[in-house]
Amino acid sequence: MSALMMHSFKLGLSGSRQHSTVRTAPRCLPARSRGSVRRSCRSTTRHVVTMSANRQWILRNRPDGDIKKTDLELVETPIPAIEDGQVLCKNMYISIDPTHRIWMSDAPQYMPCVELGEIMRAVSIAVVEDSKFDGLAKGDIVSGIGGCQDYFVADGATLNKADPSLPPPEQLGPYSMIIGLTAFYGTTKICAPKAGETFVVSGAAGAVGSMAGQLAKMAGARVIGTVGSQEKADWLTKELGFDGVINYKTDDVAAKLKELAPDGVDCYFDNTAGPVLEEVLLQFNNNGRIALCGLINQYNTDKIGVKNYDMILMRRLTVQGFICIDQLASMGEMLEVVKKGIADGKIKYKLDIQKGLESYIDVVNMLYNGSNQGKLMIEV
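Numbering (the numbering used here), first residue to last: 407 to 786.
#1: When you compare the CB positions of Ile-485 and Ser-537, do they come within less than 9 Å of one another, or not?
#2: Within a Cβ cutoff of 6 Å, which residues of the same chain sit near Glu-535, ignoring the five residues on either side of it in sequence?
#3: Apply the 10 Å Cβ neighbour rule to Leu-782 and answer buried if 16 or more other Cβ atoms are within range, or exposed otherwise.
#4: Whole angstroms are fine: how far does the CA of Ile-584 sit from the CA of Cys-730?
#5: Where does Gly-694 fall in DSSP's three states?
#6: Considering only C-alpha positions, which residue in the set Gly-727, Ile-502, Thr-632 and Ser-458 is nearest to Ile-767?
#7: Are there three or more Cβ pairs, one per stretch, closer than 8 Å when the stretch 555-563 is compared with the stretch 461-471?
#8: Rounded to a whole number of angstroms, what is the C-alpha to C-alpha distance between Cys-597 and Gln-779?
#9: Looking at Tyr-715: is its Cβ nearer than 9 Å to the Cβ of Leu-688?
#10: What is the C-beta distance between Phe-605 and Ala-627, in whole angstroms, given that I count them as a contact (C-beta under 8 Å)?
#11: With a cut-off of 8 Å on the beta carbons, I'd call Pro-599 and Ala-622 a contact; round off their distance for me.
#12: Looking at the secondary structure, which residues open and close the alpha helix (DSSP H) in which Trp-509 lies?
#13: According to DSSP, which residues form a beta bridge with Asn-653?
#14: Checking the sheet assignment: what are the DSSP bridge partners for Asp-536?
#15: Taking all protein chains shown into account, decide if Val-376 is buried (16 or more other Cβ within 10 angstroms of its Cβ) or exposed.
#16: Between Thr-450 and Arg-466, what straight-line distance do the alpha-carbon atoms span, to the nearest angstrom?
#17: Would DSSP call Lys-475 helix, strand or coil?
#18: Applying the criterion that 16 or more other CB atoms from any shown protein chain within 10 Å of the CB defines a buried residue, is Arg-527 buried or exposed?
#19: Helix, strand or coil: how does DSSP classify Thr-593 here?
#20: Round the Cβ separation of Gly-670 and Asn-691 to the nearest angstrom and send it over; I've been treating them as touching at under 8 Å.
#21: Which residues mark the beginning and the end of the beta strand (DSSP E) in which Ala-613 is found?
#22: What residue range is occupied by the uninterrupted beta strand (DSSP E) comprising Asn-606?
#23: For the stretch 664-679 against the stretch 607-614, are there 3 or more C-beta pairs whose distance is under 8 Å?
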């Protein structure tokens, strides 16, 4: 897994960048709900692809604010042959995560940025189409950094065989490093809530936030989440068992937090930064813990300094930023806890599966307009 994440940054295929498009009507069923999975399709420009073509999203510009149609280009290139030790894979599901917006930027970050002219990076679940690597054969399901494209070639050693007992989409969701391990490590290892403590999580209806809150509930904490819609608030309280929810769009965050946490806050799992963080800082108890997971409030805007920073000193807080790829040693423990939690009905989740590689720009922007419901991914 570490080789996968640390040595497969620049996946690309050689060949022509020429492409053609044709406007067609969508050829899939209307959006519908089926249990905890939402599958949707979008009316968009559809690219005509032959069996010998590979569609790839290429980064053309550094986004300024929201990701625009001109920031990326969908092109076609030939499907390449593989060499000894390599595997040709066809993407099945592409994970759509807030970190995509970070990778498009040239600001300092935890991995090399995607350079202009390169294929947009993404983690994916794929099926092996051809293999010259011992241990992987045609038809095997694997995970890796497959990029935003139909096909990719990778060194076999950088891929991980998928768990045959689990549906492929779930392996980008609760059982994944990106979602499961992130929520598990930040909650149990950094925040480490004790029974009776108050645990607040921002972006609480997202894939990571909702799991973090449920893990805190399993530890006996009082859990409060922040969301941006009543629908998401209802899901947290009525289905996931959150003790309270703050709608940051309609509630007075400071007043609502005081109401829901009259004895103060002990743990904060931060997915957003911004105004919610600033209010939570004011209501911390001494020796509180903050797991800094994400800054989605600032990815599309100018970075602004944190107000109430002095409360870190005054309340003797511990603040730890963390990245899931650094915590692979906890992967086995996470899987054990999460599988049991799901089997026991203590962990519930949503998958938001959008149809079509061509919809990538619209889908990734769902993360920033709040229209996604749970773990967002594209079915290729």
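Here a beta-carbon is modelled for each residue, glycine too, at the ideal position from N, C-alpha and C. Predicted, not measured: the structure shown is a model, and the values here were computed from it.
Looking at the coordinates:
#1: no
#2: Leu-494 and Lys-496
#3: buried
#4: 6 Å
#5: strand
#6: Ile-502
#7: yes
#8: 25 Å
#9: no
#10: 4 Å
#11: 5 Å
#12: 505-510
#13: Val-633
#14: Leu-494
#15: The requested residue 376 does not occur in the structure, where the chain is confined to residues 407 to 786.
#16: Bear in mind that a pLDDT of 42 at Thr-450, under 50, signals an unreliable position, so the model cannot answer this.
#17: helix
#18: buried
#19: helix
#20: 4 Å
#21: Careful: Ala-613 lies outside any beta strand (DSSP E), inside the alpha helix (DSSP H) at 613-624.
#22: The residue asked about is misnamed: residue 606 is Val in this sequence, not Asn. Its beta strand (DSSP E) spans residues 604-607.
#23: yes
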